[in-house]
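Read through the structure below, which is laid out as structure tokens, and then see the notes.
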Amino acid sequence: LSTTFTAVTSDAVRRLNLSRLLRQVHVHGNLTRSELVADTGLNRSTVAGLIREFEDVGLVEEVAGRAGGVGRPSLGVAPIPSAAVVAAFDVRVDHVVAAVMGLGGVILARTETEIPDSQSGPDDLVRALVQTCEQMFHEVPEGAAWVGTGVSLPGVIDPESGWVRVAPNLGWRDVDLAALLADALAEHFSGSPAVALANDANAGVLAEVNRGAGRSLSDLIFLLADVGIGAGIMVGGRLMTGTSGFAGEVGHLIVNPNGRSCRCGNRGCWETEIGRDAVLRTGTGNRVSVEQVMDAARAGDENAILGLKEMIGWLGIGLVNLINSFNPQAIILGGHLSALMEALDADIRDTLPTLWSASSNQLQLVTPTLGQDASLIGAAELAFEDLLSNPLVEFERSPHLVSA
Ligand SMILES: [Zn+2]
Numbered sequence: 137l138s139t140t141f142t143a144v145t146s147d148a149v150r151r152l153n154l155s156r157l158l159r160q161v162h163v164h165g166n167l168t169r170s171e172l173v174a175d176t177g178l179n180r181s182t183v184a185g186l187i188r189e190f191e192d193v194g195l196v197e198e199v200a201g202r203a204g205g206v207g208r209p210s211l212g213v214a215p216i217p218s219a220a221v222v223a224a225f226d227v228r229v230d231h232v233v234a235a236v237m238g239l240g241g242v243i244l245a246r247t248e249t250e251i252p253d254s255q256s257g258p259d260d261l262v263r264a265l266v267q268t269c270e271q272m273f274h275e276v277p278e279g280a281a282w283v284g285t286g287v288s289l290p291g292v293i294d295p296e297s298g299w300v301r302v303a304p305n306l307g308w309r310d311v312d313l314a315a316l317l318a319d320a321l322a323e324h325f326s327g328s329p330a331v332a333l334a335n336d337a338n339a340g341v342l343a344e345v346n347r348g349a350g351r352s353l354s355d356l357i358f359l360l361a362d363v364g365i366g367a368g369i370m371v372g373g374r375l376m377t378g379t380s381g382f383a384g385e386v387g388h389l390i391v392n393p394n395g396r397s398c399r400c401g402n403r404g405c406w407e408t409e410i411g412r413d414a415v416l417r418t419g420t421g422n423r424v425s426v427e428q429v430m431d432a433a434r435a436g437d438e439n440a441i442l443g444l445k446e447m448i449g450w451l452g453i454g455l456v457n458l459i460n461s462f463n464p465q466a467i468i469l470g471g472h473l474s475a476l477m478e479a480l481d482a483d484i485r486d487t488l489p490t491l492w493s494a495s496s497n498q499l500q501l502v503t504p505t506l507g508q509d510a511s512l513i514g515a516a517e518l519a520f521e522d523l524l525s526n527p528l529v530e531f532e533r534s535p536h537l538v539s540a
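For what it's worth, my numbering labels the leading residue of the sequence shown as 137, then goes sequentially.
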């Protein structure tokens, strides 16, 4: 009995060690053996053994190390992007951004597809995603293991069932999108890895923590503005979901009780004051895209500047509520909020921190390092989770891409 127990335990330890090492290489890229020893807390010979196992299956390779320091550069261990790939989709209200990401975070293919209103139901969307996948896979080297699929979307994901509970701006309610998509992909490609879903703001905060402005931070908020407003909230290094997935639905914080009515039934929600419709109402009110309004403000159009200035006021009121609730190290302003900050002069932007200087003067207010791709990259990172938590087993059982 004790022998069995020991065997199981050492298996679990080996799996954990493989997971730790591959995660470091995936997130940080080329690392020397000494860095891997330091980062994983494992000893040198264990690290050497793990590297050999990954080399044997072709997930990592030894490459010339980085120069710098004294002596000759030591060899580094780097991920092989075309060895394991994921498909990732960022579903927005009227279009989808899609990518194939390789191990190590390298984008191997990327495409954007318009989704007309009439085709934004789950079944049509799934069909469009399968087609997009097919197109993108032609750009991926043959033989790559397809280890996961991730989808980011503007909706509430139930943490228990994994269903899209509600996605008001898509008009969805209670949709098992992960199963629908996995089934359709499996049918089309004769096999498919699992599908992971995330709320778009939650995906954004994960991506910025791994590869962007949130690196080394444990308390931060990724605020994403598109048609609606959502927040990915990280507290003490953990993503908040709330009891039923609604945490971070900050678009419905009431900032202006006398404001416009919101689709949620209340008045003056944050979303009605700084969401996409609010930007489009700005200035002459006949501009059709957020970019046009921002361009007008940059070109000195007084109406546009006035409107955006007012929006900065509403942005500030919502922010001060978040800051006093969560005391974050940083707030990352994603979606059109980055453009809003950039379109206005510094003296207007600088009025913001005065709102919370007393409570949180250390706060960094930044734009996403990953730009408009934060949610897409977050969806890809989620899709890598199965491989990263049980590397060799998942690699072995994933479908490998062959050209048609
Ligand atoms: Zn509302």
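Each residue gets a CB set at the ideal place from its N, CA and C atoms; glycine is no exception.
Cβ distance (whole Å) where residue i is taken to contact residue j below 8 Å
i	j	result
residue 434	residue 479	5 Å
residue 473	residue 361	5 Å
residue 286	residue 518	4 Å
residue 365	residue 323	That pair is no contact at about 36 Å.
residue 224	residue 512	6 Å
residue 281	residue 234	Their Cβ separation, rounded to whole angstroms, is 19 Å, which puts residue 281 and residue 234 out of contact at 8 Å.
residue 453	residue 484	About 15 Å separates the two Cβ atoms, so there is no contact after all.
residue 236	residue 190	That belief does not hold up - the Cβ atoms of residue 236 and residue 190 are roughly 21 Å apart, past 8 Å.
Among the options, nearest to residue i - alpha-carbon criterion
i	options	result
residue 215	247, 326, 192, 538	192
residue 232	260, 444, 275	260
residue 253	376, 229, 466	229
residue 290	411, 461, 155, 422	411
residue 164	196, 148, 180	196
residue 456	148, 185, 487, 176	487
residue 269	146, 153, 320	320
residue 367	198, 458, 183	458
residue 469	177, 237, 344	344
residue 514	194, 304, 226, 447	226
residue 292	485, 212, 381, 409	381
residue 304	363, 262, 449, 414	363
residue 217	283, 506, 413	283
residue 211	187, 219, 220, 234	187
residue 306	288, 414, 295, 318	288
residue 179	504, 153, 451	153
residue 532	318, 454, 279, 409	279
residue 318	497, 327, 245	327
residue 451	441, 439, 477, 440	477
residue 378	423, 352, 295	295
residue 535	149, 167, 277, 325	325
Cutoff 7 Å; reference residue i; Cβ partners in own chain excluding five residues on either side
i	result
residue 376	369, 383, 384
residue 271	247
residue 437	419
residue 262	316, 317, 320
Same chain, Cβ closer than 8 Å to residue i, neighbours up to 5 away in sequence not counted
i	result
residue 159	524
residue 462	355, 357, 369, 371
residue 103	The structure shown does not extend to residue 103, since the chain spans only 137 to 540, so no value can be given for it.
residue 264	232, 249, 251, 255
residue 162	215, 239, 240, 241, 520, 524
residue 183	157, 169, 172, 173, 176
residue 489	497, 499, 501
Chain-order list of residues whose beta-carbon lies under 6 Å from that of residue i (same chain, five-residue window excluded)
i	result
residue 464	355, 356, 357
residue 400	388
residue 547	Because the chain is modelled from 137 through 540, residue 547 falls outside the range shown and cannot be assessed.
Cβ-heavy atom distance, residue i to ligand 2, below 7 Å
i	result
residue 284	In the structure on display, ligand 2 does not appear, and the ligands it does have are ligand 1.
Sufficient close CB pairs (3 or more, under 8 Å) joining the region 514-525 to the region 325-334: Contact between the region 514-525 and the region 325-334 is present, because at least three Cβ pairs lie under 8 Å.
Segment contact, 8 Å Cβ cut-off, at least three pairs: the region 485-495 with the region 298-310: The region 485-495, when compared against the region 298-310, does not touch it at the 8 Å Cβ threshold.
Inter-stretch contact at 8 Å, needing at least 3 Cβ pairs: the region 419-432 / the region 337-345: Inter-segment contact for the region 419-432 and the region 337-345 is absent: fewer than three beta-carbon pairs are separated by less than 8 Å.
Any heavy atom of ligand 1 within less than 6 Å of residue CB: hits in chain order: Those satisfying the condition are, in chain order, 388, 398, 400, 402, 405, 407.
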